[in-house]
Amino acid sequence: ADPETADPEKLSTAVDELMRYDTPLQMFERWVLDDILIGDVPIPRGSEIALLFGSANRDPARFENPDVLDLSRTDNPHLTFGAGIHYCLGAPLARLELAASFGALLDPALPPLRLAEEPRWGDGYVIRGLRELLVEF
Ligand code: HEM
Numbered sequence: 622a623d624p625e626t627a628d629p630e631k632l633s634t635a636v637d638e639l640m641r642y643d644t645p646l647q648m649f650e651r652w653v654l655d656d657i658l659i660g661d662v663p664i665p666r667g668s669e670i671a672l673l674f675g676s677a678n679r680d681p682a683r684f685e686n687p688d689v690l691d692l693s694r695t696d697n698p699h700l701t702f703g704a705g706i707h708y709c710l711g712a713p714l715a716r717l718e719l720a721a722s723f724g725a726l727l728d729p730a731l732p733p734l735r736l737a738e739e740p741r742w743g744d745g746y747v748i749r750g751l752r753e754l755l756v757e758f
């Protein structure tokens, strides 16, 4: 653990990068109310479309070196919590909980943790997350 990372501002920057890099909610759907054009793709009224947040969060047109996990990335307008009127109501709470959890794990009074075995991921396609992460110290 790098004690530097436990600095609250650095910690919140790092948490946002973790959420960009490994987006927990990969896909959400929308039903299109009017004929619209996105870029040069016409989308007719009544269509059901999938928004791929994980893909948008790795867009090379918006993120420098998108496939690199950079815990000090500050230019980070990720879509992990959506956008617009349905922007996640729980975003501040989720950020607080993640910063508190990682902050506790980085406590210099704790022995350093090591990965005990390869993490196991859930099978879900829409919600991405760990099934099990075993550590040892
Ligand atoms: C890392 C954790 C979380 C992620 C990645 C996440 C992600 C999202 C996303 C992407 C949306 C927008 C869906 C859309 O576009 O329609 C959303 C909406 C929402 N989230 Fe979260 N969320 C998280 C945690 C939470 C928590 C902790 C709460 C409540 C305590 C919460 C409550 C809500 C609610 C109520 C909405 C609907 C807002 C609306 O439709 O106006 N979320 N969330």
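Going by my numbering, the sequence shown opens with residue 622, and the numbers climb by one from there.
Virtual Cβ for every residue (Gly too), placed ideally from N, Cα, C.
- Within the DSSP bridge table, the entry for Phe649 names Leu672 as partners.
- In this structure, Ala715 has its beta carbon less than 7 Å from a heavy atom of ligand 1.
- Taking the CA atoms as reference points, Trp742 sits about 24 Å from Asn686.
- Counting only residues of its own chain and dropping the five nearest sequence neighbours on each side, Arg735 has a CB closer than 8 Å to the CB of Val756, Glu757 and Phe758.
- At least one heavy atom of ligand 1 lies closer than 7 Å to the C-beta of Phe649.
- As a beta-bridge residue in DSSP terms, Arg741 pairs with Glu753.
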